[in-house]
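Trainee:
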Amino acid sequence: SRRVWRASLLVNLLLEELTPLLGAARRRVLQSQAVRSEEVSVVALAQSSAVVQMLLEACHSNYLSATSDEADKDADKDDDEDADEACRIIFAYVSAMFIEDPLLLKCVHFQGYDVGMVRAVVERVPCAHACIAFLPELLAQPQSTSQLFATVLAAELAAKYPLENSLAAAQTALGLAMKATESGDHSFLEASLEALGRAAATLPAMLPDALTVLHRCVNSQSDNLKLRAETAYNNMLERRVLVGH
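For the sequence shown, position 84 (counting from the first letter as 1) is numbered 1301 according to my numbering, and the numbering increases by one without interruption.
(1) Whose C-beta lies closer than 7 Å to the C-beta of Val1339 among residues of the same chain, with five residues either side of it excluded?
(2) Let's test the definition: count the other Cβ atoms within 10 Å of the Cβ of Ser1400 and tell me whether it reaches 16, buried, or not, exposed.
(3) Under a three-way DSSP split, which group does Val1338 fall into?
(4) In chain order, what residues of the same chain have a beta carbon less than 7 Å from the beta carbon of Arg1433, not counting five sequence neighbours either side?
(5) Can you tell me the Cα-Cα spacing of Lys1323 and Val1435, whole angstroms?
(6) Please tell me whether Gln1270 and Ala1242 are closer than 9 Å, where the distance is taken between their beta carbons.
(7) Take every Cβ of the segment 1402 to 1417, pair it with every Cβ of the segment 1361 to 1373, and state whether three or more of those distances are shorter than 8 Å.
(8) Between which two residues does the alpha helix (DSSP H) containing Cys1324 stretch?
(9) Report the three-state DSSP secondary structure of Val1252 (helix, strand or coil).
(10) If you check the beta carbons only, do Leu1318 and Glu1274 fall under 9 Å apart?
(11) In chain order, which continuous runs of the alpha helix (DSSP H) of length 4 or greater are located wholly inside the segment 1392 to 1435?
(12) The alpha helix (DSSP H) that contains Ala1473, what's its start and end?
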């Protein structure tokens, strides 16, 4: 049941049981006659990444429930607070898994997950900053869905960690958004404008190209894209005031 993942006490209990289960699964793989020795690490990585994806999906469901309806939010404030605590516990567990196996961090992010969860992961998984190292490779993926995920990830990381290498990745991501304005890929733009706006507000070097992208979106034929662009622009201005630029 999804409600299990909204209860911090139950989540704690589940994760306490999950650790020995993962260990037992790895031991079974090691003892298996069907798995060659060189494949053991691959199978173990696949098991761990499946667990991380499950946990991120649980958090995503909690975030969706928390933002679904204002009236329900008021009525279930205590439930939402407990769900947020459950997510904090999950993110801490995921972070520990990434620290224990840095290759798992790369594997999960090359698999991708819902772009709506990227900001939460960057904000609440401390070791997520390590993704900056492989952003160029991730941004070079040919699939449009991978490029979208990489764009949002690069932008969110640049907004939180305004470093030279994160700026370079965010500018590459902004270049993909510029191409999307030329090809008319509205779904790409609608999903990435908010994150790109946050990055541009933090890194002034991105502002000229970011404003060009937003201007093109505001002048598009899509009402939804116009709204997203206006929202991203307003948020960008507010963030620049907050960060003192």
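Ideal Cβ positions, reconstructed from N, Cα and C, are used throughout, including at glycine. Source: prediction; values computed, not measured.
Mentor: The structure says:
(1) Here residue 1339 refers to the residue found at position 122 of the sequence shown. Cβ contact annotation for Val1339 (same chain, cutoff 7 Å, sequence separation greater than five): Ala1345, Glu1373, Leu1374 and Lys1377, in chain order.
(2) Within the sequence shown, residue 1400 is the residue found at index 183, counting from 1. Counting other Cβ atoms within 10 Å of its Cβ, Ser1400 stays below 16 and is therefore classed as exposed.
(3) Residue mapping note: residue 1338 aligns to position 121 of the sequence shown, counting from 1. In this structure, Val1338 counts as helix in the three-state DSSP scheme.
(4) Within the sequence shown, numbered from 1, the residue matching residue 1433 stands at position 216. Once the five neighbours on either side are set aside, the close Cβ partners of Arg1433 are Thr1398.
(5) The count along the sequence shown starts at 1 and reaches residue 1323 at position 106. The count along the sequence shown starts at 1 and reaches residue 1435 at position 218. Approximately 35 Å, taken between the alpha carbons.
(6) Walking along the sequence shown from the start, residue 1270 turns up at place 53. Walking along the sequence shown from the start, residue 1242 turns up at place 25. Cβ distance not < 9 Å, so Gln1270 and Ala1242 don't count as in contact.
(7) Using a C-beta cut-off of 8 Å, the segment 1402 to 1417 makes contact with the segment 1361 to 1373, since at least three inter-stretch Cβ pairs fall below that distance.
(8) Sequence index remark: in the sequence shown, residue 1324 carries index 107 (1-based). Where Cys1324 is concerned, the enclosing alpha helix (DSSP H) stretches over Pro1319 to Gln1328.
(9) As a working note, residue 1252 is residue 35 in the sequence shown. Under the three-state reduction of DSSP output, Val1252 falls in the coil class, being neither helix nor strand.
(10) Taking the first residue of the sequence shown as 1, we reach residue 1318 at position 101. Taking the first residue of the sequence shown as 1, we reach residue 1274 at position 57. In the sequence on display, residue 1318 carries Asp and not Leu. Not closer than 9 Å, so no.
(11) The qualifying runs are 1403 to 1419 and 1424 to 1435.
(12) Limits of the chain in this structure are 1218 at one end and 1462 at the other, which puts residue 1473 out of reach.
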